[in-house]
Amino acid sequence: SVALKEGDLDIELKVTSEDELGDVTRTFNEMAASLKKMTGELRQKDIYINAMLDPFWVIDENNNIVDINPAFTRLFGYEKEEVAGDSAYVFFKDEDRSFIRDQIENRRGRERASTYEVDILRKDGSPIPVLISMSPVHLGEKVIGMIGILKDFREEKELRNELERSKEYVETIMDSIEDRIIVIGKDYRIIKANEKALMDSRGPVIGEYCYAVAHGMDRPCWSEGRECPARAVFISGKNYRTTHKHEGLNGEVIFHEIVASPIKDASGGVVQVIELIRDITERMKYEEEISRKNRELVALNEIAGLLSRSLRPEEIFSRVLDKVIGMIGMDGGGIFVLDDLRKEMICRYHRGISDEFVKFMGRIRVGDDIPGKVAATGEMMTTRDLSKDLNIERSIIKHSGIKGYCCVPIRGKEQITGVFCLFSFRSHVFTVEEENILEAVGEMTGIALENMGLYESMKGMYERQRKRKEEEQAQLLSLSSRLGSAIELGEVLTDVLDKIRNIFSAKFTWLLVNDRDGNLVVKSSSPAVVGEGLIVFPRGVSSIEGYSVEKKSPVVISDISYGEKFYIPAEISDMSFQSAVSLPMRIGEKSIGVFSLYYQQAREFKDDELHFLRIISNFLAVAVERSDYYVRAIMEKGLSDTILQSVADGIITVDVSSRTISVNKAFETMFGVPSVEAVGLPVCDIIKYREGNLDFRLSLAECMEEALSGKRTGREAPVVNASGKRTSVVIRSSPVINAEGAVIGVVNLIRDVSREKR
């Protein structure tokens, strides 16, 4: 017993008898062995408890601390001797003690452990958030204490707080976006919505079905055969983009572009769908306007092609009439040509009406009936139903069964040369688009008629002049072809002047252009005795050329030495000229310069010759203007492109809808997106999402938003570039403002500043 008392558990007594003393000895030995085993087990458990990473305590039935492990000491700073016998409640703040007391008292006697989160006070008084798991200790039916494991919950709590802050941040971002954003669950109920979505809805949004909020339906869109972006994403797991037509708060039609994206769980399954809904009504209207303009242009190009293929009226106008009738959806029509001598409108071409009817009303005096009035006023007339139009009282065709009707003037450069009419036996409302097309067709037809008259006049002149005029015509066509196709005039212009001088048997010819100061400067001459760029007539000097420019018409001087004296430059004064003709070169009201022919003998010019010279001067004016414009455009574009592409910083230009207009090479290298693929795409589709790029995308969006309001702005943000490298960039955004002061886009400069920081 002395050995046992001193801790020697390996003692074993010899059994020397079979009597009661022997039984006592055997019992003693069994007790020593059992005690040794239990002591070993207790020591092993003590080793386990001391090795625990989480704090551990044991409290008795009076809620006083019985034992703690080393982990408790490491975390809270208390030694075992300092807390043994103390109440467990002293380790909690005053406001938490009632909660802890309730937890401990209510759990006492229960089989299952309880877990709760609370703060434990360290020895220095600072709180540490822990997760406590308390379990009762039973001795038979009686609870003799409780064991508690305290898990350090600081990291988890900070993570939870960070998640809460992130959630608030994301919600702030969502509410800052001007587009609607909603999150849809698998049951098609709206789980979340930003402020824009809430403001633009008539009633409640959160918890409601998306199809009820968006379309006022009581069944899913897809069950009615409609397109459903959310369902498409739930099925495919991929982004889905579409356009929907919705009804606005005031009953107006609104077009929305919807981009639906999946929200996936850890296993990759789609659990929710987020939809970004952008109002694109204005864009749709703009695109429709562009489409309408394109349709007009296509129609006009087709008709222009018909008018330019031939100079035979019966071939041209019959085809044009067929084309316009088919385009507008009419039943027939006719073209009236003005007989200027008789002041009559004569129906030359018709469709959908009999020859007898044409004979009956094929001649109409100017001012009579609808065609005559349109010819007299030059104003187009349309009516939905001719038989019911109270504005038209007297007309032969009013009671002919015709309803939809229009009459369009055929307008030349200086006068009305005819009209064309279209009719339908059904009511027809002529749209603005149709009226624009008809008006343009009338103008093109008028020009074609004048060209035909010009052609006939030219043809008669050719007949009078026979072979010589045929050769001149071929040469003129060659000149016009060369001038029309030439961009850099140079030797081409010299060659053209040589040909003109030979055609008109002149001694000398030159082409002078206006400079910015109003001087007349040599562009080219034949023979080339005067250098290009020489100012031969300073502003204000009296000259044949200046007189022609001032009059805006050809000037013919039969005898230079007689009458009004004109200055002749020294460069050509020794050629002893006697007569000259000078023609202004104009494009509309703009003066380009002047073109002159000089002769050493008297020379008279007939009307047909002057007409030819006018044509030539027009050719020359267009050629010079186009050449100058082309050179300026090439120089300006080349300079701007060179500057843009040589900039080391990334540059991306966008329009007001954030679609890309251009990017430079530095931007391509930075983000790995070729410019041919980037142009036309939204910025968010170009800068692909990478881990770590959220701050950059948000900073760029903020910069563009401020720039669109007319402000210059900048941000610094981290970015992961095309090669996966994380770097720091500065974004500088500036508004692009047109001549009217409106912001039409944004230029964003992205500069890598990581090297500068190093």
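In terms of the numbering used here, the sequence shown opens at residue 1151 and continues consecutively.
Note that the Cβ used here is the ideal one computed from N, Cα and C, for glycine as well.
As the structure is a computational prediction, the values presented were derived from the model and not from experiment.
Own chain partners of residue i with C-beta closer than 6 Å, once the 5 adjacent residues on each side are dropped
i       : result
Asp1648 : Ser1676
Leu1899 : Asp1799, Ile1801, Arg1882
His1578 : Gly1554
Arg1865 : Ser1849, Cys1853, Ile1881
Lys1921 : The question about residue 1921 has no answer, for the chain in this structure spans 1151 to 1908.
Phe1507 : none
Residue i - containing alpha helix (DSSP H), residue span
i       : result
Ile1836 : 1833–1836
Leu1203 : Counting along the chain, Leu1203 falls outside any alpha helix (DSSP H), and DSSP gives it neither H nor E.
Asn1656 : The question names Asn, but residue 1656 in the sequence shown is Ala. Careful: Ala1656 lies outside any alpha helix (DSSP H) and carries neither H nor E.
Val1699 : 1694–1701
His1365 : 1360–1365
Phe1570 : Phe1570 -> not in any alpha helix (DSSP H); beta strand (DSSP E) instead, spanning 1566–1574.
Ala1720 : 1720–1723
Proximity winner among the options, relative to residue i (alpha-carbon distances)
i       : options                            : result
Asn1212 : Gly1335, Phe1241, Glu1255          : Glu1255
Ala1362 : Ala1382, Phe1384, Asp1337          : Asp1337
Val1879 : Thr1431, Asn1843, Ser1741          : Asn1843
Asn1871 : Leu1225, Gly1551, Glu1890, Ile1836 : Ile1836
Met1434 : Val1420, Leu1281, Thr1393, Val1893 : Thr1393
Ile1334 : Ile1427, Val1403, Gly1668, Thr1863 : Ile1427
Arg1847 : Val1833, Phe1817, Gly1683, Gly1528 : Val1833
Ile1215 : Phe1206, Met1202, Asp1236          : Asp1236
Gly1681 : Met1602, Ile1722, Arg1176          : Ile1722
Thr1803 : Glu1600, Ile1340, Ile1887, Ser1729 : Ile1887
Ile1560 : Ser1537, Ala1526, Phe1510          : Ala1526
First through last residue of the beta strand (DSSP E) which encompasses residue i
i       : result
Met1511 : Here Met1511 belongs to no beta strand (DSSP E); instead the alpha helix (DSSP H) covers 1505–1511.
Leu1313 : From DSSP, Leu1313 is part of no beta strand (DSSP E) but of the alpha helix (DSSP H) over 1304–1326.
Tyr1555 : 1554–1561
Phe1486 : 1482–1489
Met1735 : 1729–1737
Pro1412 : 1403–1414
Lys1273 : Where Lys1273 is concerned, there is no enclosing beta strand (DSSP E), given that its DSSP letter is neither H nor E.
Gly1522 : That residue, Gly1522, is in no beta strand (DSSP E); its alpha helix (DSSP H) goes 1519–1527.
Phe1745 : 1740–1749
Span separating the alpha-carbon of residue i from that of residue j
i       : j       : result
Val1806 : Gly1895 : 5 Å
Met1820 : Val1558 : 58 Å
Glu1437 : Val1671 : 47 Å
Val1355 : Ala1347 : 8 Å
Asp1799 : Lys1875 : 17 Å
Ala1752 : Thr1659 : 16 Å
Asn1344 : Ala1410 : 15 Å
Gly1366 : Asp1350 : 14 Å
Glu1231 : Thr1223 : 11 Å
Leu1643 : Ser1674 : 7 Å
Ile1546 : Arg1469 : 27 Å
Gly1419 : Cys1378 : 19 Å
Phe1384 : Lys1395 : 22 Å
Ile1430 : Val1829 : 19 Å
Phe1467 : Glu1695 : 41 Å
Asp1709 : Ile1542 : 60 Å
Arg1376 : Pro1412 : 20 Å
Tyr1748 : Pro1688 : 20 Å
Val1823 : Val1582 : 43 Å
Glu1425 : Asp1902 : 33 Å
Leu1831 : Ser1441 : 20 Å
Own chain, CB closer than 7 Å to residue i, minus 5 neighbours either side, in chain order
i       : result
Arg1381 : Trp1372
Pro1279 : Glu1267, Asp1269, Phe1303, Arg1304, Lys1307
Ala1771 : Met1735, Arg1736, Ile1737, Ile1742
Lys1273 : Phe1226, Gly1227, Tyr1228
Beta-carbon proximity list for residue i, same chain, < 8 Å, skipping 5 on both sides
i       : result
Asp1845 : Ala1867, Pro1868
Val1287 : Val1208, Val1293, Ile1294, Gly1295, Met1296, Ile1297
Tyr1239 : Asn1213, Arg1247, Ile1250, Arg1251
Ser1726 : Gln1750
Arg1513 : Glu1494, Met1495, Ile1496, Cys1497
Lys1861 : Pro1885
C-beta neighbour in chain D for residue i, strict 8 Å
i       : result
Glu1267 : Annotation note: the requested chain D is absent from the structure, which comprises a single protein chain.
Query raised in the report: On the three-pair Cβ rule with 8 Å, is the segment 1699–1711 touching the segment 1727–1734?
Result: yes
Report task. Determine, using beta-carbon pairs with one atom in the segment 1295–1306 and one in the segment 1319–1327, whether at least three such pairs fall under 8 Å. Result -> no
Query raised in the report: With contact counted as at least three CB pairs below 8 Å, one residue from each stretch, are the segment 1482–1494 and the segment 1566–1577 in contact?
Result: The answer is yes - the segment 1566–1577 touches the segment 1482–1494, with three or more Cβ pairs under 8 Å.
Query raised in the report: Hey, is the segment 1880–1887 in contact with the segment 1847–1854, meaning 3+ C-beta pairs nearer than 8 Å?
Result: yes
Requested in this report: Answer yes if the segment 1494–1503 comes into contact with the segment 1583–1592, meaning at least three C-beta pairs across the two stretches below 8 Å, and no otherwise.
Outcome: They do not touch, by the three-pair rule.
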